[in-house]
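Chemist: One structure, pasted below without further comment.
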Amino acid sequence: MASRSAVPSPGRGSLARRERIFAYALLAPAVAAVFALIAYPMYLIFSMSFREGKSLNFLALHTRPFGLGNYEAVLTDSATWHSVWVSFAYTFGTILPAFLLGLGTAVVLNRSFPLRRWLRSLVLLPWAVPGVMVSIVFLWLFDASFGVTNYFLRSLGLISTDISWYTNESTALIAVIVPTLWKGYPFFTLTLLAAMQSIPGNLYEAAEVDGASAWQRFTNITWPGIRGQATLALVLNGLWVFREFDIIYAATGGGPSKTTETLGIRAYNEAFGYFYMGRAAVIGVLMLAIALVAVLLARKQLRKEFF
Amino acid sequence: MNIKRFIAWALGVVAAVAVIGAHAQPKAIELEFPSWQIEEAGAGEYWTELIKAFEAAHPGVKIKKSQVPFREYVDKLTVRFAGNNPPDIVHLPTRNYLAFASQGWLAPLDEYLAQTDVKATYTKLSDEMVYNGKSYGVLMMGYGMMFYYNDKMLADAKMPVPKTSDELLKAIAAVTDVNAGRFGYGAPTNEHPNVFVEIGTWVTGEGASLFKGNQYNFTDPAVIRAIDKFRTAVKSAPKGQSSEQARQLFMDGKIAMIRDGPWVAAAVKKAPDATRPNLKMGMMPFASIPGGTSNSLHMPAKLDPEKKKLVWDFIRMTTTPEWQQKFTLLTSSPAPRKNALSAAEMQARPDLALVNKAAAEANNLFPESVAVRENYNEFAKIFVESGMKLMNSDRPTADIMKDLQAEMQKRIPLK
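These protein sequence lines map, in sequence, to chains A and B. Just so we're aligned: the first sequence equals residues 17 to 323 in this note's numbering. Just so we're aligned: the second sequence equals residues 2 to 416 in this note's numbering.
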């Protein structure tokens with residue numbers, strides 16, 4: 017009698033093939049969406065980065081000369097590396113204080129006190145405000161002649177003449193970091209608070225019984241419990257801030273004298289100010305490369321925490 | 002038939018009639034018209050009246066006007082043209098139109114203009130609409146810069162109305178008291194395209210020029226001296242303000258003196274009651290009156306034939322004697338048609354006589370080089386960056402202008 021396993025039945029093979037086809041069919045919409053929304057636009061950016069010359073006529077871009085001229089022009093321009101530095105300063109200058117502020121507010125909101133629920137909602141409000149509105153509010157707060165910030169600083173005797181926050185090269189970057197920080201810290205609060213609430217309370221009780229100080233409880237219980245979420249929040253928020261546009265553009269447009277010209281603002285100016293679409297695309301590729309390096313550096317820590 | 006079935010049947014009939022009826026109605030044609038002037042005093046009223054008259058003469062056609070702030074206006078229009086979504090009626094600052102025309106975005110209007118008297122009746126400034134031998138637009142206004150002052154603030158500081166640039170600087174210093182929120186001078190002091198206009202006004206006003214032949218002339222000693230005067234003046238201006246904000250502070254009685262176009266006279270009429278009687282307009286206290294072309298109307302190159310005819314009808318309407326007269330009366334600005342107002346009308350409006358005098362004497366402060374005009378947006382952005390350094394640093398003017406000239410020659414070389 018022939019063994020059952022020796023010869024595969026035709027019915028079983030065609031069933032496996034049908035199942036495979038069905039699986040691919042179910043994946044197809046997701047693949048199509050990824051292609052349409054991610055892969056094709058990326059292909060366009062790369063393709064545009066090799067089209068030299070000045071033109072904003074997208075339909076005629078393929079007629080522009082093909083070459084590495086845009087890469088040479090952008091990567092050898094000191095203004096590009098200045099924008100890279102500004103982007104890093106803006107990103108780290110925002111996310112580190114925002115993280116610390118978010119962590120602090122999360123620790124406070126994790127305790128029980130009256131009106132805690134109302135305060136939680138209030139703390140999250142800045143996150144919901146559109147970036148342009150945030151810029152408008154802070155343009156008024158930091159107005160050189162009539163803003164309340166200068167008024168309070170003069171009243172406290174900290175300054176004798178008004179500071180032109182947005183038009184002074186030494187203060188403009190701070191003046192755009194502050195509103196971004198204000199808008200961004202609630203994300204850290206939300207993420208870290210959710211992580212803290214998943215830490216069992218009896219761990220804290222046991223630590224208190226053992227005589228652990230508040231700092232010891234934080235470093236040995238709280239931080240290990242939220243480290244994974246904190247890392248993810250830092251990476252996500254860092255990428256969002258790195259590509260931030262509306263707050264800076266509405267406030268300073270990248271000025272004064274390029275002191276707040278991040279890579280995103282520079283790409284916009286190259287494309288729509290100077291009509292160099294190819295150079296703008298190269299800046300886009302550069303931003304992508306930087307973001308990729310950041311994600312790869314964080315990958316090890318994220319894998320350790322989540323996978 | 003039961004009641005439910007009847008109601009369902011009746012609803013179906015009503016829905017069908019509504020759908021058929023909607024399709025049977027001829028759809029209104031909508032022409033999109035964005036502008037930075039829609040909410041401006043004077044110009045806003047002009048556009049509203051013109052649009053009303055146009056719609057009355059063209060039943061079934063609606064013009065959808067929308068306000069876009071001037072600071073972002075050219076960038077926003079650039080994005081729209083680049084995305085193949087231009088507005089139907091294109092309103093541009095004239096200094097920027099060449100950049101759009103050089104991209105092939107604007108339609109030549111020679112065929113249409115041949116059917117009008119524009120070439121015979123408009124002033125010479127209208128020649129700026131010609132690029133590579135073709136006319137790409139219709140000029141709306143050419144002007145001379147005007148001087149606006151608050152005579153009460155000057156009187157309180159015991160200063161006469163200045164007649165020269167040195168008297169102007171003296172008056173600015175006398176009026177300014179920052180702690181009291183009182184400023185002698187108002188100017189755009191943030192990254193605004195009008196920073197170039199402000200600096201260009203001082204340079205041209207002092208009889209110098211930023212261009213010599215077809216070359217940049219930024220390091221000429223006369224240019225440097227003029228810019229030094231500008232730097233002195235702007236130290237007494239509120240910081241971080243756009244042109245519009247500086248104008249508003251003037252209306253509110255916080256700024257004693259500003260230079261601006263003749264259109265601000267219409268806004269002065271709407272100033273608060275407390276300040277309006279003190280706000281006056283005069284000739285610029287400079288040896289030479291700076292000025293130039295202001296804005297123009299154009300047609301996008303890609304427009305369907307039906308809309309093309311309507312857009313031309315709209316543009317042509319602005320060129321008629323009737324609407325040229327209304328333009329001057331409503332905006333207090335000189336119309337490009339010669340003798341748009343009669344002698345009697347001019348006599349009745351001495352402010353318009355002054356405005357026309359300034360326009361007639363004006364020396365162009367805007368670049369005339371085709372290479373610069375084709376790249377005006379880039380030129381202005383680079384110039385404004387150096388303008389911010391002039392306003393906010395202590396570096397010598399000669400050094401900043403030397404760097405600017407080198408940068409400009411690199412980005413927009415002039416042969």
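For each residue, glycine too, the CB sits at the ideal point set by N, CA and C.
1) If you count every other CB in all the chains shown that lies within 10 Å of the CB of Val-131 of chain B, and 16 or more means buried, which is it?
2) Any beta carbon of chain B sitting closer than 8 Å to that of Asp-93 of chain A?
3) For a test of the three-state rule: what should DSSP assign to Arg-277 of chain B, helix, strand or coil?
4) Is it the case that the Cβ atoms of Pro-194 of chain B and Val-371 of chain B are separated by a distance below 8 Å?
5) Please report the Cβ distance between Phe-154 of chain A and Pro-195 of chain A, rounded to the nearest whole angstrom; I am assuming they are in contact, meaning their Cβ atoms lie under 8 Å.
6) Taking its Cβ as the centre, do 16 or more other Cβ atoms sit within 10 Å of Arg-20 of chain A, making it buried, or is it exposed?
7) Taking C-beta pairs closer than 8 Å, name the residues in chain A that Val-179 of chain B reaches, listed in chain order.
8) Based on DSSP bridge pairs, tell me the residues matched to Val-62 of chain B.
9) Specify, as a first and last residue, the run of the beta strand (DSSP E) that Val-179 of chain B falls within.
10) Suppose you measure from the CA of Leu-415 of chain B to the CA of Arg-183 of chain B; what does that come to, to the nearest Å?
11) Provide the residue span of the alpha helix (DSSP H) that contains Pro-240 of chain A, from first to last.
12) With C-beta atoms as the reference, is Asn-296 of chain B less than 8 Å away from His-92 of chain B?
13) Consult DSSP for Tyr-150 of chain B and reduce its assignment to one of helix, strand or coil.
14) Can you give the Cα-Cα distance for Ala-1 of chain B and Ala-102 of chain B, rounded to whole angstroms?
15) Under 9 Å Cβ-Cβ, which residues of chain A neighbour Asn-393 of chain B?
16) Over what stretch of residues does the beta strand (DSSP E) that includes Tyr-186 of chain B continue unbroken?
17) Based on the DSSP output, what are the partners of Phe-212 of chain B in its beta bridges?
18) Determine the burial state of Met-58 of chain A: buried for a count of at least 16 other Cβ atoms within 10 Å of its Cβ, exposed for fewer.
19) Going by the beta-carbon positions, is the gap between Ile-263 of chain A and Val-164 of chain A smaller than 8 Å?
20) Residues of the stretch 69-81 of chain B with a CB closer than 7 Å to any CB of chain A: list them in chain order, please.
21) Note down, in chain order, every chain B residue with its Cβ under 8 Å from the Cβ of Phe-204 of chain A.
22) How far does the beta strand (DSSP E) with Gly-138 of chain B in it reach, from first residue to last?
23) Does chain A have any CB closer than 8 Å to the CB of Met-389 of chain B?
24) Since I believe Ala-156 of chain B is in contact with Ala-175 of chain B (beta carbons under 8 Å), could you give me their beta-carbon distance rounded to a whole number of angstroms?
25) Are the stretch 347-354 of chain B and the stretch 200-216 of chain B in contact at 8 Å, needing three or more beta carbon pairs?
26) Three-state secondary structure (DSSP) at Met-17 of chain A?
27) Under 8 Å Cβ to Cβ from Ile-225 of chain B, same chain only, skipping five residues before and after it: list those, please.
28) Ignore the nearest five residues each way along the sequence and tell me which others in Ala-18 of chain A's own chain have a CB closer than 6 Å to its CB.
29) Which residues in chain B have a C-beta closer than 8 Å to the C-beta of Phe-288 of chain A? List them in chain order.
30) So, does the stretch 38-57 of chain B touch the stretch 314-332 of chain B, judging by three or more C-beta pairs under 8 Å?
31) Can you give me the C-alpha to C-alpha distance between Thr-238 of chain A and Pro-216 of chain A, rounded to a whole angstrom?
32) Along chain B, in chain order, which residues have C-beta atoms closer than 7 Å to that of Gly-269 of chain A?
33) Determine the chain B residues that contact Asn-285 of chain A at a beta-carbon separation under 8 Å, and present them in chain order.
34) Restricting to Cα atoms, I'd like to know which of B:Gln-326, B:Arg-81, B:Thr-320 and B:Glu-362 is closest to Ala-121 of chain B.
Modeler: Looking at the atomic coordinates:
1) exposed
2) Not one chain B Cβ lies under 8 Å of Asp-93 of chain A.
3) helix
4) no
5) 4 Å between Cβ atoms; contact.
6) Low confidence applies here, because Arg-20 of chain A scores a pLDDT of 48, under 50, leaving its location unreliable; read the following figure in that light. Exposed, because fewer than 16 other Cβ atoms sit within 10 Å of the Cβ of Arg-20 of chain A.
7) Ser-161, Thr-177 and Asp-178
8) Answer is B:Ile-30.
9) Careful: Val-179 of chain B lies outside any beta strand (DSSP E) and carries neither H nor E.
10) Across the structure, Leu-415 of chain B and Arg-183 of chain B are spaced so that their CA atoms are roughly 43 Å apart.
11) 239-258
12) yes
13) strand
14) The question about residue 1 of chain B has no answer here: the residues shown for chain B are numbered 2 through 416.
15) Chain A residues near Asn-393 of chain B: Ser-180, Thr-183, Asn-184, Glu-185, Pro-272 and Ser-273.
16) Element bounds for Tyr-186 of chain B: 184-187.
17) B:Tyr-217
18) Exposed, since its Cβ has fewer than 16 Cβ neighbours within 10 Å.
19) No, Cβ-Cβ distance for Ile-263 of chain A and Val-164 of chain A is not below 8 Å.
20) Asp-76, Thr-79 and Val-80
21) By Cβ distance, chain B contributes nothing, its closest Cβ being about 30 Å from Phe-204 of chain A, past 8 Å.
22) Note, Gly-138 of chain B: premise wrong, no beta strand (DSSP E); not H, not E.
23) When Cβ-Cβ separations below 8 Å define contact, Met-389 of chain B makes contact with chain A.
24) Ala-175 of chain B to Ala-156 of chain B, Cβ: 11 Å. No contact.
25) no
26) Bear in mind that the predicted position of Met-17 of chain A carries a pLDDT of just 44, short of 50, making it too unreliable to give a figure here.
27) Thr-398, Ala-399 and Met-402
28) Because Ala-18 of chain A sits at a pLDDT of 44, beneath the cut-off of 50, its placement in the model cannot be relied upon, and the following sentence gives the value as read from the coordinates. Excluding residues within five positions, none has a Cβ falling inside 6 Å.
29) Asp-76, Thr-79, Val-80 and Ala-83, listed in chain order.
30) yes
31) 10 Å
32) Glu-192
33) Lys-382
34) B:Thr-320
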